[in-house]
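Residue numbers (my numbering): 60 to 268.
C-beta: ideal position from N, C-alpha, C; glycine also.
These numbers come from a predicted model, not from an experiment.
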């Protein structure tokens, strides 16, 4: 499918395997999420627009490229998406950060919004939405809906683990956005958890149960 990019870098694969291990502690898990986000961000941001500016080197003046326009907005889906934010900020420290708060109904598995704050003007920025897990696709679809309602146009979605069901639903709902995936897992189980997955990413990032 167009606009879907599945990572094949050995470092990403290795680090995802460490995430899966139930013996991986909170600090290591948090660091791995950060590192994976940075590696994925390198790929996801390869199409950022450039413009030439004049710079004086120790030798001479020259025209050389820098990122153009209003640059980047990172929008994590709370709370687990926060774990991926710093990895991208390491690459683009000038990026602005928004937040979208969603919770999932335990019975219907449908997402509900409780917070949305985006950098302005959002329509002039490349937007990277982050969430470690793409399960049913409901939260991702809702987050992109909210961003589009606020005027966002150039949107990328980045996740570490995805279920085939979630990829299909997100791509069908928003075929115009780019989706970057660390690994496609086998399926969702009856409780809408990704299998084999890595557990609850938010709990493992923040050390909560």
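Which listed residue (241, 265, 134 and 217) has its alpha carbon closest to that of residue 65: By alpha-carbon distance to residue 65, the top candidate from 241, 265, 134 and 217 is 241.
Bridge-paired residues (DSSP) for residue 125: According to DSSP, residue 125 bridges with 110.
Backbone CA spacing between residue 246 and residue 111 [nearest angstrom]: If you draw a straight line from the Cα of residue 246 to the Cα of residue 111, it is about 46 Å long.
7 Å Cβ cutoff met for residue 136 and residue 159: Cβ atoms of residue 136 and residue 159: closer than 7 Å.
From 252, 186, 229 and 248, residue whose alpha carbon lies closest to that of residue 61: Residue 61 has its Cα closest to that of 229, out of 252, 186, 229 and 248.
Coil, strand or helix - residue 73 by DSSP: Three-state result, residue 73: helix.
Per-residue burial, residue 201 [other beta carbons within 10 Å of its own, 16 or more giving buried]: Under this definition residue 201 is a buried residue.
Contact check, residue 178 vs residue 219, beta carbons under 7 Å: It is not a contact, given that the beta carbons lie outside the stated cut-off.
Rounded Cβ spacing between residue 109 and residue 127 (contact assumed at less than 8 Å): Beta-carbon to beta-carbon, residue 109 and residue 127 are separated by about 6 Å, close enough to satisfy the 8 Å threshold.
Length-filtered (3 minimum) beta strand (DSSP E) runs lying within the segment 148-207: You should have 158-163, 170-176 and 185-189.
Cα-Cα separation between residue 77 and residue 86, rounded to whole angstroms: Distance between the alpha carbons of residue 77 and residue 86 is about 12 Å.
Buried versus exposed call for residue 255 [16 or more other C-beta atoms within 10 Å across all chains shown]: Its Cβ having fewer than 16 others within 10 Å, residue 255 is exposed.
Where the beta strand (DSSP E) containing residue 217 begins and where it ends: From DSSP, the beta strand (DSSP E) with residue 217 extends over 213-221.
Residue 213, buried or exposed, once every other Cβ within 10 Å from all chains shown has been counted against 16: Buried, because 16 or more other Cβ atoms sit within 10 Å of the Cβ of residue 213.
Environment of residue 105 [buried if 16+ CB atoms lie within 10 Å]: By the 10 Å Cβ count, residue 105 comes out exposed.
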